[in-house]
Amino acid sequence: MVRGSSPFPRPDRWAVWIVVVTAVISVLGYLLAAGFTFRLGFPLDDAWIHQTYARNLVATGQFAFVPGQTSSGSTSSTSSTGRSRSTSRSS
Numbered sequence: 186m187v188r189g190s191s192p193f194p195r196p197d198r199w200a201v202w203i204v205v206v207t208a209v210i211s212v213l214g215y216l217l218a219a220g221f222t223f224r225l226g227f228p229l230d231d232a233w234i235h236q237t238y239a240r241n242l243v244a245t246g247q248f249a250f251v252p253g254q255t256s257s258g259s260t261s262s263t264s265s266t267g268r269s270r271s272t273s274r275s276s
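Quick note: the sequence shown uses my numbering, first residue 186, plus one each step.
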């Protein structure tokens, strides 16, 4: 083997461009579809619910979706409390 050479062949420039263009088109297609159908943001309700419970737990000390209003709508309380712990440590 020649010094400085790689055991792997260099990819063809066309192959690299095809991958890059395909990736860009895929991302743009996703953003366009998401913008028209779901809007950009959390793709699932659960992620938003967990984030809201965690934010309210850190801000008010209450495990509630709406501060001051008792509720138990979190689908995974361990996820919400875990997020609130990591948020309170970083602030």
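For glycine and all other residues, C-beta sits at the position ideal for the given N, C-alpha and C.
The structure presented is a predicted model; accordingly, all values stated were derived computationally and were not measured.
Secondary structure of Q236, DSSP reduced to three states: Helix.
Identify, in the order they occur along the chain, each residue of the same chain with its Cβ nearer than 8 Å to the Cβ of V209, setting aside the five sequence neighbours on each side. none
Any idea if L217 is buried or exposed, counting beta-carbon neighbours within 10 angstroms, 16 or more meaning buried? exposed
Buried versus exposed, by CB contacts within 10 Å (16 or more), L242: buried
Tell me, please, which residues DSSP counts as bridged to Q254. As computed with DSSP, Q254 is found in a beta bridge with V251.
Could you compute how far the alpha carbon of S191 sits from the alpha carbon of S211? For the pair S191 and S211, the Cα-to-Cα distance works out to about 31 Å.
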